[in-house]
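No gaps in the numbering here: position 29 of the sequence shown is 62 in the numbering used here, and each next residue is one more.
By construction, the Cβ of each residue, glycine as well, lies at the ideal position given by its N, Cα and C atoms.
Read the structure below first, then the notes.
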Amino acid sequence: MKKIGKNIVNKKPSIYPVGKLIYIYIILIVIIVLMIFNTINLNNTLGSSTNTYVNDVTSQLADDISMRIEAIKSSLRLLSDSINILPDNQEISSFLQKKCKSLEFTDLFVIDDKGNTIPEQSETFDLSLVSSSFKGENNLIYLDGQSLLFSTPIYDEKGISKVLIGIRDKENIQNLIKPKSFNGQGLSCIIDQNGNVVISPTDLKPFMQLDNIFKDGTDTDAVNHIKKMRKNIINGKSGVFEFTASDDTSLIISYHYLDHNDWTLLTLVPGELISSGTNQYIFYNFILVACVICVFSVLLYLIFLSYKKHKNWLEKIAFTDPLTAGLNNAGFQLDAQKLVNTAPPSNYTVIFLDIKQFKLINQNYGFNKGNDVLKHIYNVIYNNISSNELVARSENDHFFICLNESNKQIIQTRLDMIIAEINSFAKNKASQLTILQGACLIENPNSEINIIQDYARLACRLNSKKSRCTYYDKEILDTMKKEQELNDLFENSIKNKDFHMFLQPKIIISNNKIGGAEALVRWFHPERGTIYPSDFIPLFERNDNIIKLDLYIFEEVCIFLQDMIARGEKPFVISVNVSRVHFKDNDFLKAFARIKEQYRIPNNLIELELTESIFFDNQQIESIKDTIHQIHQYGFLCSLDDFGAGFSSLGLLKDFKVDGIKMDKKFFDDISSQKSKDIIANFIELADKLNISLVAEGIETLEQLEFLKSVHCNMVQGYIYSKPLPVDEFILWLKTIK
Numbered sequence: 034m035k036k037i038g039k040n041i042v043n044k045k046p047s048i049y050p051v052g053k054l055i056y057i058y059i060i061l062i063v064i065i066v067l068m069i070f071n072t073i074n075l076n077n078t079l080g081s082s083t084n085t086y087v088n089d090v091t092s093q094l095a096d097d098i099s100m101r102i103e104a105i106k107s108s109l110r111l112l113s114d115s116i117n118i119l120p121d122n123q124e125i126s127s128f129l130q131k132k133c134k135s136l137e138f139t140d141l142f143v144i145d146d147k148g149n150t151i152p153e154q155s156e157t158f159d160l161s162l163v164s165s166s167f168k169g170e171n172n173l174i175y176l177d178g179q180s181l182l183f184s185t186p187i188y189d190e191k192g193i194s195k196v197l198i199g200i201r202d203k204e205n206i207q208n209l210i211k212p213k214s215f216n217g218q219g220l221s222c223i224i225d226q227n228g229n230v231v232i233s234p235t236d237l238k239p240f241m242q243l244d245n246i247f248k249d250g251t252d253t254d255a256v257n258h259i260k261k262m263r264k265n266i267i268n269g270k271s272g273v274f275e276f277t278a279s280d281d282t283s284l285i286i287s288y289h290y291l292d293h294n295d296w297t298l299l300t301l302v303p304g305e306l307i308s309s310g311t312n313q314y315i316f317y318n319f320i321l322v323a324c325v326i327c328v329f330s331v332l333l334y335l336i337f338l339s340y341k342k343h344k345n346w347l348e349k350i351a352f353t354d355p356l357t358a359g360l361n362n363a364g365f366q367l368d369a370q371k372l373v374n375t376a377p378p379s380n381y382t383v384i385f386l387d388i389k390q391f392k393l394i395n396q397n398y399g400f401n402k403g404n405d406v407l408k409h410i411y412n413v414i415y416n417n418i419s420s421n422e423l424v425a426r427s428e429n430d431h432f433f434i435c436l437n438e439s440n441k442q443i444i445q446t447r448l449d450m451i452i453a454e455i456n457s458f459a460k461n462k463a464s465q466l467t468i469l470q471g472a473c474l475i476e477n478p479n480s481e482i483n484i485i486q487d488y489a490r491l492a493c494r495l496n497s498k499k500s501r502c503t504y505y506d507k508e509i510l511d512t513m514k515k516e517q518e519l520n521d522l523f524e525n526s527i528k529n530k531d532f533h534m535f536l537q538p539k540i541i542i543s544n545n546k547i548g549g550a551e552a553l554v555r556w557f558h559p560e561r562g563t564i565y566p567s568d569f570i571p572l573f574e575r576n577d578n579i580i581k582l583d584l585y586i587f588e589e590v591c592i593f594l595q596d597m598i599a600r601g602e603k604p605f606v607i608s609v610n611v612s613r614v615h616f617k618d619n620d621f622l623k624a625f626a627r628i629k630e631q632y633r634i635p636n637n638l639i640e641l642e643l644t645e646s647i648f649f650d651n652q653q654i655e656s657i658k659d660t661i662h663q664i665h666q667y668g669f670l671c672s673l674d675d676f677g678a679g680f681s682s683l684g685l686l687k688d689f690k691v692d693g694i695k696m697d698k699k700f701f702d703d704i705s706s707q708k709s710k711d712i713i714a715n716f717i718e719l720a721d722k723l724n725i726s727l728v729a730e731g732i733e734t735l736e737q738l739e740f741l742k743s744v745h746c747n748m749v750q751g752y753i754y755s756k757p758l759p760v761d762e763f764i765l766w767l768k769t770i771k
């Protein structure tokens with residue numbers, strides 16, 4: 034049994050390519066048969082449609098000749114309008130001589146009802162030929178020499194006393210009716226209903242074949258066609274037929290009624306002209322079939338030789354992460370789908386890991402060090418999973434793990450061990466990586482892995498417990514629905530002014546007077562009631578609605594300041610938060626400046642607060658420098674908000690010319706600590722030396738306030754003086770503080 038099994042395994046790789054080639058050869062044979070069948074069918078179709086083709090082409094030729102004849106008539110009518118404005122006969126003569134050449138007339142002259150011509154003609158003209166034009170008609174006739182005579186009346190204040198005549202000779206008209214199609218081998222002539230030749234072809238012999246056939250009477254089909262043609266010509270109908278000439282050459286004749294007089298265009302085309310092209314095309318088609326066979330055979334041979342060689346190479350490119358040399362996201366999805374499809378329900382869990390603020394590692398230690406950290410993370414995870422589990426770096430600092438486990442406690446224990454080992458390189462707790470975790474249990478083996486990945490990613494994004502793994506569940510689904518509802522309410526709430534501006538005062542400690550205020554936003558929906566900023570601010574920052582909301586609050590600030598100035602009150606500086614999302618647009622300040630100008634707010638009354646989260650790398654730092662410079666150019670003040678909340682450094686104060694900073698509430702939470710007091714005191718002294726206005730934020734207790742007084746802090750903001758107030762309550766509060 035083992036031997037049989039082994040043989041089957043060994044044969045499998047060789048059978049598969051051969052079997053695949055057999056299928057390809059069958060497809061090739063089918064294609065070749067179809068091409069041959071198509072070629073034969075094409076030959077039959079072209080043979081039956083030859084007359085139709087000739088008929089269509091000559092029909093277009095007849096239409097073209099009719100239009101060109103009509104164009105000649107139109108040109109003559111236009112000339113007749115110009116004759117009366119010329120002052121004398123000499124001018125008329127000169128004018129007609131010029132136009133005669135440009136309009137390709139053989140002769141062009143004017144004749145009156147007495148037979149006088151301008152210019153003078155060498156021979157007497159027969160007035161009866163143009164009698165209808167003296168009666169107001171535009172006339173076209175043919176002369177004995179197969180010339181065409183065009184005539185049109187010339188009107189003056191007395192009526193018609195002259196006629197303009199244009200003559201085109203036989204050669205001129207032959208060029209007019211000569212077919213441009215059929216490689217120039219077709220012949221055309223014009224006849225009237227009685228069979229009289231109006232314009233003869235350049236070679237009359239082929240047309241004489243018809244007369245010989247009719248007289249001979251042996252070719253009954255041809256004779257019948259000729260009789261039918263005569264009848265159709267009398268009735269103004271068109272047609273086409275093929276016949277064999279006395280020299281056994283095949284000829285196709287087409288006849289089409291012209292839109293002038295009772296004339297018909299006859300066109301004669303050699304039959305071999307079309308059939309030879311068809312035969313040549315079919316010959317080339319068979320050559321093409323032979324070439325296809327050869328090319329396919331060579332290609333199949335080359336495919337067979339290179340199949341195994343390229344298979345592994347292509348898989349490596351498609352499914353390998355070049356940094357970690359492990360699976361990339363595409364490879365993870367493919368392998369995970371295979372694992373899940375063959376496993377019982379609720380047997381696997383997909384986990385998403387997000388390394389928080391990884392950009393700071395690249396910024397502080399360089400990209401090479403950052404890459405080493407990513408490889409370290411991958412190796413640690415890889416060494417802690419079994420053979421039926423997967424890990425992949427999906428992009429940047431994100432990793433996916435597929436664990437053969439469904440117990441949340443066991444999964445958390447394993448993740449804690451992995452994260453602990455990842456952070457084993459850190460010398461202290463401050464250097465440890467913060468890794469956010471999100472997971473999704475695969476309950477249905479037929480689930481699409483990319484969708485499961487999205488669920489795990491979403492769970493990670495909504496993770497409120499930084500050190501624990503959050504699972505995609507009903508609670509997260511409810512959060513998504515809630516966010517979608519808030520998104521749906523946003524536009525109407527902006528329109529209906531459901532967003533309200535609140536103001537929290539900044540108080541100068543030394544005299545207890547107001548030194549400014551910060552504008553904050555509150556959402557009061559008529560149906561949903563109060564919606565807290567923590568519910569909608571992060572959401573709107575993710576979908577860019579925060580841009581419109583910031584501008585909305587900014588305009589409310591401008592309206593408030595305009596009202597203060599109109600009431601004769603002394604305005605004070607109001608701070609407005611500017612989300613980092615604005616910095617995606619280099620020209621975002623123009624919108625703020627337009628609103629400021631619209632309400633005519635004086636310079637330096639509005640302070641734009643930037644959060645430290647906008648500073649990531651050196652390139653962004655240079656861009657922020659330019660932005661702060663523009664802020665001052667537009668007449669705004671600029672401050673740094675939440676200083677100390679994250680990774681703020683004193684280098685920011687050196688690099689950026691800000692007007693003020695707000696020390697974060699965290700500085701004052703442990704005010705009883707001497708170390709905290711020393712840091713605050715020294716920082717206030719430094720800000721004073723740098724001429725930067727400093728505001729202590731989040732002050733709530735008397736102990737905090739007394740200490741800040743002792744170290745000469747300029748301004749404070751917090752509940753010790755007032756909570757954020759709606760505008761009407763803030764105005765009343767102002768009166769009490771005064």
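With a cut-off of 8 Å, do at least 3 Cβ pairs link the segment 715-731 to the segment 696-705?
-> yes
Would you decide whether Asp146 is buried or exposed? Buried here means 16 or more other CB atoms lie within 10 Å of its CB.
-> Residue mapping note: residue 146 aligns to position 113 of the sequence shown, counting from 1. Under this definition Asp146 is an exposed residue.
Determine the direct distance from the alpha carbon of Met100 to that of His258, and round the result to whole angstroms.
-> As a first step, residue 258 is located in the sequence shown; it is residue number 225 there, counting from the start. As a first step, residue 100 is located in the sequence shown; it is residue number 67 there, counting from the start. Using only the alpha carbons, I get a separation of about 29 Å.
Where do the N-terminal and C-terminal ends of the beta strand (DSSP E) with Arg555 fall, by residue?
-> Looking up residue 555 in the sequence shown gives position 522. Element bounds for Arg555: 546-558.
Which full runs of the alpha helix (DSSP H) of 4+ residues lie inside the segment 568-626, going along the chain?
-> Qualifying alpha helix (DSSP H) stretches, in chain order: 578-599.
Mark Pro759 as exposed unless 16 or more other C-beta atoms lie within 10 angstroms of its C-beta, in which case mark it buried.
-> Counting from one through the sequence shown, the residue named residue 759 turns up at place 726. Per the 10 Å Cβ criterion, exposed.
The segment 329-349 in contact with the segment 403-412 per 3-pair CB rule at 8 Å | no
Member of Val424, Phe337, Asn88 whose CA lies at the smallest distance from the CA of Leu298 = Here residue 298 corresponds to residue number 265 of the sequence shown, with the count starting at 1. Of the candidates Val424, Phe337, Asn88, the one whose C-alpha sits nearest the C-alpha of Leu298 is Asn88.
In whole angstroms, what separates the C-alpha of Ser705 from that of Val691?
-> As a first step, residue 705 must be located in the sequence shown, where it is residue number 672. As a first step, residue 691 must be located in the sequence shown, where it is residue number 658. Those two C-alpha atoms are separated by around 30 Å.
Mind checking whether Leu360 and Ala425 have CB atoms under 8 Å apart?
-> Sequence index remark: in the sequence shown, residue 360 carries index 327 (1-based). Sequence index remark: in the sequence shown, residue 425 carries index 392 (1-based). Yes, Cβ-Cβ distance for Leu360 and Ala425 is below 8 Å.
Where His293 falls: helix, strand or coil (DSSP) = Taking the first residue of the sequence shown as 1, we reach residue 293 at position 260. Coil at His293, not helix or strand.
Could you check what DSSP says for Glu508 in three-state terms: helix, strand or coil?
-> The residue given as residue 508 occupies position 475 in the sequence shown. Assignment of Glu508 by DSSP, reduced to helix, strand and coil, places it in the helix class.
Roughly how many whole angstroms lie between the Cα atoms of Leu141 and Phe276?
-> Against the sequence shown, residue 141 aligns to sequence position 108. Against the sequence shown, residue 276 aligns to sequence position 243. A straight-line Cα-Cα distance of about 42 Å links Leu141 and Phe276.
Environment of Asp121 [buried if 16+ CB atoms lie within 10 Å] = Within the sequence shown, numbered from 1, the residue matching residue 121 stands at position 88. Residue environment: Asp121 is assigned as exposed (fewer than 16 neighbouring CB atoms within 10 Å of its CB, all protein chains considered).
Burial state of Phe316, where buried means 16 or more other Cβ atoms lie within 10 Å = To locate residue 316, count along the sequence shown from 1; it is residue 283. Exposed is the call here.
If you run the structure through DSSP and keep just helix, strand and coil, what is Lys695?
-> The count along the sequence shown starts at 1 and reaches residue 695 at position 662. Strand, per DSSP.
Spatially closest choice to Gly269 from Val256, Gln226, Gln707, Thr282, by CA coordinates | Within the sequence shown, residue 269 is the residue found at index 236, counting from 1. Measuring from the Cα of Gly269, the nearest candidate turns out to be Gln226.
Buried or exposed for Gln93, please, with buried defined as at least 16 other CB atoms from any protein chain shown within 10 angstroms of its CB.
-> Taking the sequence shown and counting its residues from 1, one reaches residue 93 at position 60. The residue is exposed, with fewer than 16 neighbouring Cβ atoms inside 10 Å.
Ser135 versus Gly199, Leu162, Glu153, Tyr175, residue with shortest Cα-Cα distance = One-based indexing of the sequence shown puts residue 135 at position 102. Comparing Cα-Cα distances from Ser135 to each of Gly199, Leu162, Glu153, Tyr175, the minimum goes to Gly199.
DSSP puts Gly562 in a beta bridge; with which residues?
-> Against the sequence shown, residue 562 aligns to sequence position 529. His558, per the DSSP bridge assignment.
Could you check if Pro808 is buried or exposed, using at least 16 other CB atoms within 10 Å of its CB as the buried criterion?
-> For residue 808 there is no data in the structure shown, the boundaries of the chain being 34 and 771.
Where in the segment 297-360 do unbroken runs of the alpha helix (DSSP H), each at least 4 residues long, occur, reported from the N-terminal end onward?
-> Within the segment 297-360, the complete alpha helix (DSSP H) runs of at least 4 residues are 304-352.
Count the other CB atoms, across all protein chains shown, that sit within 10 Å of the CB of Arg490; report buried if there are 16 or more and exposed otherwise.
-> Along the sequence shown, read from residue 1 onward, the residue named residue 490 stands at position 457. Arg490 should be labelled buried.
Measuring CB to CB, does Asn84 end up less than 8 Å from Ile187?
-> Sequence index remark: in the sequence shown, residue 84 carries index 51 (1-based). Sequence index remark: in the sequence shown, residue 187 carries index 154 (1-based). Not in contact: Asn84 and Ile187 (Cβ atoms no closer than 8 Å).
First through last residue of the beta strand (DSSP E) which encompasses Asp281 | The residue labelled residue 281 in the question sits at position 248 within the sequence shown. DSSP places Asp281 in no beta strand (DSSP E); its state is neither H nor E.
Indicate the three-state DSSP secondary structure (helix, strand or coil) for Thr91 in the structure shown.
-> The count along the sequence shown starts at 1 and reaches residue 91 at position 58. Thr91: helix per DSSP, three-state reduction.
Could you tell me the distance, in whole angstroms, from the CA atom of Val63 to the CA atom of Ala472?
-> As a position in the sequence shown, residue 63 is number 30, starting the count at 1. As a position in the sequence shown, residue 472 is number 439, starting the count at 1. In this model, Val63 and Ala472 are separated by some 51 Å (Cα to Cα).
Should Ser526 and His558 be called a contact, given that it needs their Cβ atoms to be closer than 8 Å?
-> Against the sequence shown, residue 526 aligns to sequence position 493. Against the sequence shown, residue 558 aligns to sequence position 525. Result yes, Cβ atoms of Ser526 and His558 sit closer than 8 Å.
Give every residue of the same chain whose Cβ lies closer than 6 Å to the Cβ of Ile267, excluding the five residues on either side of it in the sequence, and list them in chain order.
-> The residue given as residue 267 occupies position 234 in the sequence shown. In the same chain as Ile267, and ignoring 5 residues on each side of it, the C-beta atoms closer than 6 Å to its own belong to Gln226, in chain order.
Inter-residue spacing [alpha-carbon to alpha-carbon] between Tyr56 and Leu321 | Translated into positions along the sequence shown, residue 56 becomes position 23. Translated into positions along the sequence shown, residue 321 becomes position 288. If you take the alpha carbons of Tyr56 and Leu321, they lie about 22 Å apart.
Do Cys746 and Ile717 have their C-beta atoms closer together than 8 Å?
-> For the purposes of this step, residue 746 is identified with residue 713 of the sequence shown, where counting begins at 1. For the purposes of this step, residue 717 is identified with residue 684 of the sequence shown, where counting begins at 1. Contact: yes.
Does DSSP put Val373 in a helix, a strand or coil?
-> As a position in the sequence shown, residue 373 is number 340, starting the count at 1. Helix, per DSSP.
Is there contact here, the segment 621-631 with the segment 660-677, by at least three beta-carbon pairs under 8 Å?
-> yes
Glu642 vs Asp674 beta-carbon contact at 8 Å | Within the sequence shown, the letter at position 609 stands for residue 642. Within the sequence shown, the letter at position 641 stands for residue 674. For Glu642 and Asp674, yes; Cβs fall inside 8 Å.
Tyr398, buried or exposed, once every other Cβ within 10 Å from all chains shown has been counted against 16 | Residue mapping note: residue 398 aligns to position 365 of the sequence shown, counting from 1. Classification for Tyr398: exposed.
Please classify Trp766: does DSSP put it in a helix, a strand, or coil?
-> Working through the sequence shown from its first residue, we reach residue 766 at position 733. In the structure shown, Trp766 sits in a helix (DSSP, three-state: H, G or I).
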